[in-house]
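Visitor: Residue numbers (the numbering used here), protein chains in the order written: chain A, 1 to 332; chain B, 1001 to 1332. Yeah, the Cβ is synthetic: ideal placement off N, Cα and C, and Gly gets one too.
There are 2 protein chains.
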Amino acid sequence: MVNSDRPTMHDVAAAAGVSQMTVSRVLRGDGYFSQDVKKRVADAAAKLGYIHNRLASVQRGMKNPMIGVVLPTLKNHVFTDVLAGINDTLSSLNMRPVFGVSEYSATAEETLVRDMLSWQPSGLILSGLEHTEGLKRAVVQSGARVAEIMDADGTPISASFGVSQETAGADMARHFLARGHLRVAYLGSQGGDDLRAAKRFSAFRDTLLAGDGEIIYERISKAPSSMTLGRDLAATCLQKAEGCDAIYCANDDLAAGALMHCITNEVSVPGDIALAGFNDLPFLAALPQQITTTHTPLYEMGVRAAKYVALDSPDDPPKEALKTRLVIGQTT
Amino acid sequence: MVNSDRPTMHDVAAAAGVSQMTVSRVLRGDGYFSQDVKKRVADAAAKLGYIHNRLASVQRGMKNPMIGVVLPTLKNHVFTDVLAGINDTLSSLNMRPVFGVSEYSATAEETLVRDMLSWQPSGLILSGLEHTEGLKRAVVQSGARVAEIMDADGTPISASFGVSQETAGADMARHFLARGHLRVAYLGSQGGDDLRAAKRFSAFRDTLLAGDGEIIYERISKAPSSMTLGRDLAATCLQKAEGCDAIYCANDDLAAGALMHCITNEVSVPGDIALAGFNDLPFLAALPQQITTTHTPLYEMGVRAAKYVALDSPDDPPKEALKTRLVIGQTT
DNA sequence: ATGAAAGCGCTAACAA
DNA sequence: TTGTTAGCGCTTTCAT
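1) Taking Leu287 (chain A) as the reference, which of B:Leu1275, B:Asn1279, B:Ile1086, B:Leu1254 has the closest Cα?
2) Select from the region 1012–1031 of chain B all residues with a C-beta closer than 9 Å to any C-beta belonging to chain A, and list them in chain order.
3) Could you tell me whether the Cβ of Asp1193 (chain B) comes closer than 8 Å to any Cβ of chain A?
4) In this structure, how does DSSP classify Asp1151 (chain B) when only helix, strand and coil are distinguished?
5) Name the one or two DSSP bridge partners that Cys244 (chain A) has.
6) Please classify Thr292 (chain A): does DSSP put it in a helix, a strand, or coil?
7) How many angstroms separate the CA atom of Phe1176 (chain B) from the CA atom of Glu266 (chain A)?
8) Using only CA atoms, which one of A:Cys262, A:Thr155, A:Ser225, A:Gly257 lies nearest to Pro317 (chain A)?
9) Taking only three categories from DSSP, how would you classify Arg60 (chain A)?
10) Residues of chain B with a CB under 9 Å from the CB of Ala56 (chain A): which are they?
11) Find the residues of chain A that neighbour Ser1226 (chain B), judging by a C-beta separation of less than 7 Å, and give them in chain order.
12) So, is the C-beta of Asp315 (chain A) closer than 8 Å to a C-beta in chain B?
13) Would a C-beta distance cut-off of 8 Å place Asn1053 (chain B) and Ser118 (chain A) closer than the cut-off?
14) Sort out for me which residues DSSP pairs Ser161 (chain A) with in a bridge.
15) Would Ala250 (chain A) pass as an interface residue toward chain B - the criterion being a Cβ-Cβ separation below 8 Å?
16) What's the gap between the Cα of Val163 (chain A) and the Cα of Asp81 (chain A)?
17) Which residues in chain A sit within 8 Å of Val1098 (chain B), going by Cβ to Cβ distance?
18) Could you give the C-beta distance for Met116 (chain A) and Arg1137 (chain B), rounded to a whole number, given that I count them as a contact under 8 Å?
19) Output yes if chain A places a C-beta closer than 8 Å to the C-beta of Thr1107 (chain B); else output no.
20) Could you compute how far the alpha carbon of Gly1017 (chain B) sits from the alpha carbon of Leu112 (chain A)?
21) Should Gln1239 (chain B) go down as buried or exposed, given a rule of 16 or more other Cβ atoms within 10 Å for buried?
22) What did DSSP end up calling Val1267 (chain B) once you bin it into helix, strand or coil?
23) Determine whether the Cβ of Asp43 (chain A) lies closer than 8 Å to any Cβ atom of chain B.
24) Check the Cβ of Gln264 (chain A) against every Cβ in chain B and list those closer than 9 Å, keeping chain order.
25) State buried or exposed for Met950 (chain B), treating a residue as buried only when at least 16 other CB atoms are found within 10 Å of its CB.
26) Tell me, to the nearest whole angstrom, how far the beta carbon of Ile247 (chain A) is from that of Leu275 (chain A); I am working on the premise that it is less than 8 Å.
27) Taking only the alpha-carbon atoms, compute the straight-line gap between Phe79 (chain A) and Leu284 (chain A) and give it to the nearest angstrom.
28) By the three-class DSSP mapping on this structure, what secondary structure does Ile1273 (chain B) have?
29) Straight-line CA distance for Asp1043 (chain B) to Thr332 (chain A)?
30) If you drop the 5 nearest sequence neighbours on each side, which residues of the same chain put their C-beta closer than 8 Å to that of Val98 (chain A)?
31) Quick one: residues in its chain with C-beta nearer than 6 Å to the C-beta of Asn3 (chain A), no 5 flanking neighbours on either side, listed in chain order?
32) In whole angstroms, what separates the C-alpha of His1010 (chain B) from that of Ala46 (chain A)?
33) Could you name the residues of chain B that Arg231 (chain A) contacts, counting a contact when the two beta carbons are closer than 7 Å?
34) I need the straight-line Cα distance from Asp151 (chain A) to Asn1251 (chain B), nearest angstrom please.
35) Hey, does Ala1185 (chain B) have any beta-carbon neighbour from chain A nearer than 8 Å?
36) Can you tell me where the beta strand (DSSP E) with Leu1124 (chain B) in it begins and where it stops?
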């Protein structure tokens, strides 16, 4: 039984010898009441183990300190970093995240969001800028504050805190060209579902081709991203892609896996093959060689988005493109 | 405005030309109604973009498809694996997790749980078996189903799905003894806050000492666990702990970092030094050497706990000790 | 097969 | 400073 016999304000009121409304006031610290009453109520509440019923207050019109958060996956550390930023920020504001994982499916995302909206959250954090029309409509109508994170190339529903995937991809391509890595392989994961990776690669390719470079091998595995996948993809790539100079990986996990392959098989990096990743995850610092990558402010994105949705200022929604930064390591 | 002008069942009823109660019945598919009415209601709801208000139904006594989940940290991949198991399972049962992170603090955990209980979740998943008395009382009184995960050495509030940390530690010590790794260093993180790691190490130490082994170096950093920390701790350890045979790390991240140190500095593993971790995280498979570790069914623990709390059978609460398994790699 | 009334626990508005 | 009344949106119960 969920509603077994949880004490209500009524019970506390009876125990304290006051009215239910007085209990409400004391517990919220709102309005006037004597010190004596305050103490009696506090004692009674503690003795009974009273727990506030937020469902009722929200129902009555109070703000719901709940934020819905939808991420594409938990398998990529990228999102756990973002999540950490969201969670730390919401925590400090006494708000709670409700989570959902879309597995990179737009329809799953819509279902999830509709479900979450039924709890009347005061805010919502979504990943990416591509959503179903139904989702957008539902979100707007709900009146919840929305922030979209991760991407900056497109039109957000309302506020957004993302990075330009296109800029990041183009920057890396220019670096490859400058280093003379012209015959390039690309390795990705999640099939074509990772829309941000696709944008990045598309800009990378365009910029590379506009120079003297070429994509001589391209493999986007359907499997979720992991170091092990990166290692396997790199092994196959090096075997199949003759004359390959460099590998651009869709993210750091894949790149780290590729580096592990090279170390294990004594392939010299960047002598035989150059390597680059994306995100600049902290664990890269522990590897034997610093992998060239693009720094993205993951935690920061989480923080900004959480702050925005948690507040209720009526400012018009910021659409912020956070900066990425090319991190030149020892692998290019 | 959160409650801007979200349509209610009343609005749908007006649009469909029926009573509000009929809308309720149709939308839940409960009771009797004609096909004609069903269609009119469905159309009206779709047109208005009606979203169910779960707060009201739960308030009225329906089960709340919400599960509170409290984890010690998000910085250790261990918990994101558990989280994945929880999330996948709850998703498939149309239930949603509300998350909180305790940062390994028992009082923070209590605050978090009290906060979560105010949403009247039908279940709760907690990590470990050590909690404040206040938390236990609140949870029991709330009537929510509780499952505790990760640990099996102690007394759960109700149901538990954990592994015996003591067995795992002792097993590893026996393996060290069998391999002749007698002069052992221990590296940990999170200060003394990771109670499970402490239990494991305690059993490891006892078993090692009962053989011919000894702990010649012990360093538990206050920093959160990471590969980079492992690498740094290993560097200091190898410099300070003379005659050290082997390093037992509190988890795989630390062990992987230690291995990276060894690879970078051409320290032979296990020739010069043996290494072992804990958890058998998937990324170990990508490393140049297979690290000896203890497999723990992380995802599975999440699945079991989620299934238990999501259901509402009145069976008496299972206290399951899941099996760990020594994974002998190439580093011992 | 449909509707009307009551009430879940709380808070805003008003009364005393 | 404290209490009374009304009602948030829904579902249970009972009537039609």
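Guide: According to the data block:
1) With distances taken between Cα atoms, Leu287 (chain A) lies closest to B:Leu1254.
2) Those would be none; no residue qualifies.
3) Taking a beta-carbon distance threshold of 8 Å, Asp1193 (chain B) does not count as an interface residue toward chain A.
4) Of the three classes helix, strand and coil, the one that applies to Asp1151 (chain B) here is strand, per DSSP.
5) Beta-bridge annotation (DSSP): Cys244 (chain A) is not paired with any residue.
6) Thr292 (chain A) falls in the strand class under three-state DSSP.
7) Cα to Cα, the separation comes out at about 30 Å.
8) Here the closest residue by C-alpha is A:Thr155.
9) Of the three classes helix, strand and coil, the one that applies to Arg60 (chain A) here is coil, per DSSP.
10) Those within 9 Å of Ala56 (chain A) in chain B are Leu1055, Gln1059.
11) Result: Pro282, Phe283.
12) No, Asp315 (chain A) does not count as interfacial toward chain B.
13) A contact, by the Cβ cut-off of 8 Å.
14) The sequence given here has Phe at residue 161 (chain A), not Ser. Answer is A:Ile149, A:Glu320.
15) No - not a single Cβ of chain B is within 8 Å of the one on Ala250 (chain A).
16) So the alpha carbons of these two residues sit roughly 15 Å apart.
17) Within 8 Å Cβ-Cβ: Met66, Arg96, Pro97, Val98, Phe99.
18) Actually they are not in contact, since the Cβ atoms of Met116 (chain A) and Arg1137 (chain B) sit about 30 Å apart, beyond 8 Å.
19) Output row for Thr1107 (chain B): interface = no.
20) Straight-line spacing of the CA atoms in Gly1017 (chain B) and Leu112 (chain A) works out to 30 Å.
21) Under the 10 Å beta carbon count, Gln1239 (chain B) is surrounded by fewer than 16 other beta carbons and is classified as exposed.
22) Of the three classes helix, strand and coil, the one that applies to Val1267 (chain B) here is coil, per DSSP.
23) Not an interface residue.
24) The sequence given here places Thr at residue 264 (chain A); Gln does not occur at that position. Correct list: Leu1287, Pro1288, Gln1289.
25) Shown here, chain B extends from 1001 to 1332; a query on residue 950 (chain B) therefore has no answer.
26) Yes, they are in contact, since the Cβ atoms of Ile247 (chain A) and Leu275 (chain A) sit about 5 Å apart, within 8 Å.
27) If you draw a straight line from the Cα of Phe79 (chain A) to the Cα of Leu284 (chain A), it comes to about 16 Å.
28) Coil, per DSSP.
29) Near 59 Å, if we compare the C-alpha coordinates of Thr332 (chain A) and Asp1043 (chain B).
30) The residues are Met66, Ile67, Gly68, Val69, Met116, Trp119, Pro121.
31) Caution is warranted here: a pLDDT of 40 is assigned to Asn3 (chain A), below 50, making its placement in the model unreliable, and the coordinate value is therefore given only provisionally. The answer is none, since no qualifying residue turns up.
32) One C-alpha to the other measures close to 39 Å.
33) In chain order: Ala1286.
34) C-alpha separation (whole angstroms): 34 Å.
35) No, Ala1185 (chain B) does not count as interfacial toward chain A.
36) In the DSSP annotation of this structure, the continuous segment of the beta strand (DSSP E) that includes Leu1124 (chain B) starts and ends at 1123–1127.
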